[in-house]
Amino acid sequence: MEFFAISLLNGVSYGLLLFMLSSGLTLIFSMMGVLNFAHASFYMLGAYFAYSLGLQVGFFPALLLAPVLVGLVGALVERYGLRAVHKYGHVPELLFTFGLAYLIEESVKVIWGLPAVPFRVPALLDGPLFTLYSTSFPKLRGFMMLVAVAMLLSIYIMLTRTRIGLVIQAALSHPQTVEALGHNVPRVFMLVFGGGCALAGLAGVIGGVAFITEPSMAASVGPIVFVVAVVGGMGSLAGAFLASLLIGVIQTFAIALDWSVAGLMKTFGVAVTEQTPLYSLLKLQLSEVAPVLPYLLLVLMLIFRPKGLLGTRAD
Amino acid sequence: MLQQFTRAAALAAALAATGAAQAQTVKIAFIDPQSGLMAPVGINILNSWRYIADIANQKNWAGGPKFEIVGFDNKLSPQESLNALKQAIDQGIRYIVQGNGSSVALALQDAVEKHNERNPGKEIVYINYAAVDPDMTNSKCTYWHFRLDANADMKMEALTSFLAKDPKIKSVYLLNQNYSFGQAVAKAAKEYLARKRPDIKIVGEDLHPLAQLKDFAPYVAKIKAAGADTVITGNWGSDLALLIKAGKDAGLNVNYYTYYAGTTGVPTAMGAAGEDRVRFVGYWNANNEKFVGSDIVEGFNKKYKDDYYTMATYTAIAMLSKAFKETKSTDPIKVAAALEGMKVQSLNGEVEMRKQDHQLLQPLYIAKWVKVNGKDVKYDQENTGYGWKTEALLPTYVATQPTSCQMKRPK
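Sequence order for the protein chains is C and H.
Under the numbering used here, the residues of the first sequence are numbered 1 to 315, in order.
Under the numbering used here, the residues of the second sequence are numbered 1001 to 1411, in order.
What follows is the structure in structure tokens.
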């Protein structure tokens, strides 16, 4: 029971971090149709900005400032980069962000160096939040969950309940009409792109301090972000939320289970020994293949339900 | 026309002159990660090589030839390492050193063997300072490979002999990286524990991907659920640092018996939480019984603001220097022959390169993570205020293991 509860908490908190990471990607895609390959790089920038700012002003101000800064960088990228290639269609946009990802990674290496930077957990968040049976749950993970949920709520309220949110939504489906009504549509797009990047930056601050801040952190989360976006349904924020939690929980519990095909065959009375053909494959435990499961999910989802869990687009 | 000719001749002469100067400098290719999760470890060790090479150059250990270490980033990938090897060969480098990851080491060992077979007169010597898969000096042993670290079986023998004396240990969990080395550690641990302490139960065993995981919380939950009181792990670098960090966060109360708790990043992750709980087995530590090597530890810290722990760099440069001096040559063929059976004085006493399998025979230390006290624990690690206290010193004959190596030697 203790194990189940702790694993569930671990899974959910990891899932929420994934959601923070991928919500920006989903937002940008649903609003602008741009598949941002550099999204994980903005996540990394968030971590590094917060690390550097944190040395000057402390962790909590940095937690707010770093995403703003990342958002600004994102807005500049949209204004002076993406907008220029926008007129050539989606493929050049995609290639642009692809190149940008490398550019950001190399810049980070040049500025902060190759090794990980010592991004320390602030004293306030260091230590156990509560103890469940005999396992303590770290404050930082609780904070991670809190930030993610707060973020989800505020995006939702902003998009559905505020004027700017309505303009954004309208600009997506009827850009000409919105423009005719006197709104600056390119600026709306800039805002969305910057905002999406800022969300990734926020996730970066939390992820960087919780795990490790180093130049390959973007590359290591890059693929999983796309899994979340595809499994959840391209452009669906609620889908991304669901998919993140699903992937977080699946991965955590897969590690916990020592199931294997060999074990399954044993319960049916078929003995598996080292002489059995494909033994090395049969004895693979679920815990060993855990890191691959999200990608398996991605492939299966694309085959059987290409629009994703909650996606609305069929194309 | 004439002018052109003289210019070309002058250029040729200049080139020849630099060529002659280079013959006095022996370049050593360092093929290890300098980017990615394991970069901090790789860079620390690269600095260690450079530091020892500088000392050797200043004091003229080799009686003429100078050492130069050239870094090649292999990103911890066997494929990238083979490219790096090719690059090094193209640059005329005849000595390579590598240590991080037996997966890489096995690929290099094989590639060096093939290269040397196909290119007589251009042989490469491969000094392996830390990859400890036992196979490399047993079933897969080769002539051009020399291992300066104790192999995984030797270390496990020492670790389990020590562990067996603690009657409080009842249930052990094995958590290792999923590649040849991690698998070797798990296998040896099971075998030796069954022999030395059959009453100890292995309550769980896991292999996880190498240098990819960032979140060890699920593994910690599993260790806890299994009711382990001790974790034996061969994890190194971020894989150990993040494991101990996650264990600390979850309040996991176990002893860690490790191979590499001294590597970059781990001391910071342990901090106070590791006190009296984390041990490692290795060929040396800064707080050894007589503080041998303290000048190097202090000098390295001053220069790089980092800890010197890869003492094999010292052994390697000392051995190469001796071989250069004895043979009056830097030719890999002569040097490799001289290295066989060589004995030198290293920082852990006299060590011997066993001729039969090219495995260095040396004493092993077991050390525990405690507060610095200025007496037997003088040096801390990564400015944590904690350091390694030598708990046991196993003399060479205890730490030595038989080998099954049947080496093919060049004629």
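A virtual CB, placed ideally from N, CA and C, is assigned to each residue, including glycine.
For residue i, three-class secondary structure by DSSP
i: residue 1151/H; result: coil
i: residue 1275/H; result: coil
i: residue 1/C; result: coil
i: residue 1139/H; result: coil
i: residue 1298/H; result: helix
i: residue 1233/H; result: strand
i: residue 1212/H; result: coil
i: residue 135/C; result: strand
i: residue 1255/H; result: strand
i: residue 212/C; result: coil
i: residue 260/C; result: strand
i: residue 1377/H; result: coil
i: residue 108/C; result: helix
Local Cβ density within 10 Å of residue i, reported as buried at 16 or more and exposed below that
i: residue 1394/H; result: buried
i: residue 312/C; result: exposed
i: residue 160/C; result: exposed
i: residue 137/C; result: buried
i: residue 93/C; result: buried
i: residue 252/C; result: buried
i: residue 1277/H; result: buried
i: residue 1206/H; result: buried
i: residue 173/C; result: exposed
i: residue 1398/H; result: exposed
i: residue 1373/H; result: exposed
i: residue 279/C; result: exposed
i: residue 1362/H; result: buried
i: residue 292/C; result: exposed
i: residue 1021/H; result: Annotation note: pLDDT 41 at residue 1021/H (below 50); position unreliable, coordinate value reported separately. By the neighbour-count rule (16 or more Cβ atoms within 10 Å), residue 1021/H is not buried but exposed.
i: residue 4/C; result: exposed
i: residue 1245/H; result: buried
i: residue 257/C; result: exposed
Residue range of the beta strand (DSSP E) that includes residue i
i: residue 1280/H; result: 1278 to 1282
i: residue 1403/H; result: Per DSSP, residue 1403/H belongs to no beta strand (DSSP E) and is neither H nor E.
i: residue 1128/H; result: 1125 to 1128
i: residue 1032/H; result: 1025 to 1032
i: residue 131/C; result: 128 to 132
i: residue 1072/H; result: 1066 to 1073
i: residue 1345/H; result: 1343 to 1346
Residues that residue i bridges to, as DSSP identifies them
i: residue 1353/H; result: 1360/H
i: residue 1169/H; result: Paired residues: none, contrary to the question.
i: residue 1366/H; result: 1281/H, 1392/H
i: residue 1387/H; result: 1370/H
i: residue 1205/H; result: 1174/H
i: residue 1146/H; result: 1127/H
i: residue 250/C; result: In DSSP, residue 250/C forms no bridge with anything.
i: residue 1098/H; result: 1128/H
Whole-angstrom distance between residue j and residue i, CA atom to CA atom
i: residue 1134/H; j: residue 1282/H; result: 15 Å
i: residue 46/C; j: residue 71/C; result: 9 Å
i: residue 1145/H; j: residue 202/C; result: 49 Å
i: residue 1164/H; j: residue 102/C; result: 51 Å
i: residue 169/C; j: residue 196/C; result: 14 Å
i: residue 1142/H; j: residue 1136/H; result: 8 Å
i: residue 1015/H; j: residue 1292/H; result: Here the model assigns residue 1015/H a pLDDT of 49, short of 50, so the residue's position is not dependable, and the following value carries that caveat. When rounded, the distance between both Cα atoms is 44 Å.
i: residue 1051/H; j: residue 1066/H; result: 13 Å
i: residue 1297/H; j: residue 1386/H; result: 15 Å
i: residue 237/C; j: residue 27/C; result: 7 Å
i: residue 259/C; j: residue 284/C; result: 8 Å
i: residue 1359/H; j: residue 1410/H; result: 18 Å
i: residue 1400/H; j: residue 1338/H; result: 22 Å
i: residue 299/C; j: residue 1204/H; result: 32 Å
i: residue 230/C; j: residue 204/C; result: 21 Å
i: residue 23/C; j: residue 241/C; result: 8 Å
i: residue 31/C; j: residue 235/C; result: 8 Å
i: residue 184/C; j: residue 1261/H; result: 58 Å
i: residue 81/C; j: residue 10/C; result: 39 Å
i: residue 13/C; j: residue 1211/H; result: 22 Å
i: residue 1345/H; j: residue 1160/H; result: 27 Å
i: residue 1351/H; j: residue 1343/H; result: 6 Å
Residue i, enclosing alpha helix (DSSP H) - first and last residue
i: residue 171/C; result: 163 to 173
i: residue 322/C; result: Nothing about residue 322/C can be read from this structure; chain C reaches only from 1 to 315.
i: residue 1102/H; result: 1102 to 1118
i: residue 1321/H; result: 1312 to 1327
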